[in-house]
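Throughout the sequence shown, residue numbering follows this note's numbering, covering 4 to 312 in sequence.
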Amino acid sequence: MSEEPIYYYHREKNVHEKETVYGEKWLRWTYGDTAGRLSLELLVKRAWLSRYYGWRMSMADSTRRILPFIIQYGLDVDEFAKSPFVFKSFNEFFYRALKEGARPIAAADDERIAVLPADGRHLAFQNVDAAAGFYAKGQRFDLASFLGEAHLPEAERALTKQFAGGSLLISRLCPVDYHRFHFPVSGMPGEARLINGWLYSVSPIALRRNLGYLWENKRMITLVDSPAFGRVAVCEIGATMVGTIFQSYLADRAVKKGEEKGLFRFGGSCVVTIFRPGRIAFDRDLVAQSANQLEVYAKMGGRLGVAAG
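If you want it as structure tokens, here you go:
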């Protein structure tokens, strides 16, 4: 079982940092030990366990976990929209809203600038077909499987054809992060399409073993038609203890970049954003760090890139 630590590049501080992993011992046992992997297949990946844990985190007595969690992970309570003492459950605290202005939107009036959709650790690849080995050598992102079209004959894979060779952003949220996700571009969103699946962890501890968890997990895919970027796929992935992905936006109503799209309930999770080929130039720091297999920690609303098409 590999004990290799997880490092990331902190964009604001311009330094590399070691990640403090919530539940690290349990994750390493589950994904690295023979008995742990047996429990993973028999128990951990299944929706009922996440539903049960979500129910426990929605009970009134779960509020006792809030203050120790804030202290242990150094959360900034000044940016919370509500006092930590008024939450009725840990889950309510977990998907908390922030004060207006807590996440400034980069170039808010310039629709040619895309922004990061969530707080988290980000990987950016200008060409999804060339994205390989970013969590472990030999693993490649399977676009057709991720978009739910691998079972179709190649001639019928309409979405895969649209996004083949496009640009890929993976935004990984840890349990300590702000867990609402937002639109990275302005445009017209359609209905979110649910693809049911398992609930594996999306921590690098798990993804180093099998990148396929990203397209084996439950996920929702929304197509956004943007005047500046063309069609963009914004996708939320559930994970262990995150059985619920809640969409708060209205389909077929124009949105501005940075507007809230929805939220995850308890656990770590992931947002994947895919652009069609030649439609965006990702910011250089994101691309450079990703090429070195380092995630970039940055907050929602920060610059992602500029329209290129």
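Where a beta carbon is used, it is the ideal one built from N, C-alpha and C, also for glycine.
Around the C-beta of residue 264, 16 or more other C-beta atoms lie within 10 Å, and the residue is accordingly described as buried. When only Cα atoms are considered, residue 233 and residue 180 end up about 30 Å apart. The beta carbon of residue 21 sits closer than 8 Å to those of 8, 9 and 10, all from its chain and outside the five residues before and after it, given in chain order. Counting along the chain, no alpha helix (DSSP H) covers residue 129, and no H or E run does either. Using a 10 angstroms sphere on the CB of residue 289, the tally of other CB atoms reaches 16 or more, which defines it as buried.
Take residue 142, set aside five residues on each side of it, and the residues of its chain with a beta-carbon closer than 6 Å to its own are 214, in chain order. About 5 Å separates the beta carbons of residue 258 and residue 186, which is inside the 8 Å limit, making them a contact pair.
By the Cβ-count criterion, residue 37 is exposed, with fewer than 16 other Cβ atoms from all chains shown falling within 10 Å of its own Cβ. If the five residues before and after residue 207 are omitted, its C-beta is found closer than 7 Å to the C-beta atoms of 9 and 138, all from its own chain and listed in chain order. Residue 73 holds the alpha-carbon nearest to the alpha-carbon of residue 97 among 202, 73, 108 and 107.
A straight-line Cα-Cα distance of about 19 Å links residue 170 and residue 261. Residue state for residue 301 is assigned as strand, using DSSP reduced to three classes. Within the same chain, and ignoring the five residues on either side of residue 197 in sequence, the residues whose Cβ sits closer than 6 Å to its Cβ are 223.
With fewer than 16 other Cβ atoms inside 10 Å of its own Cβ, residue 159 counts as exposed.
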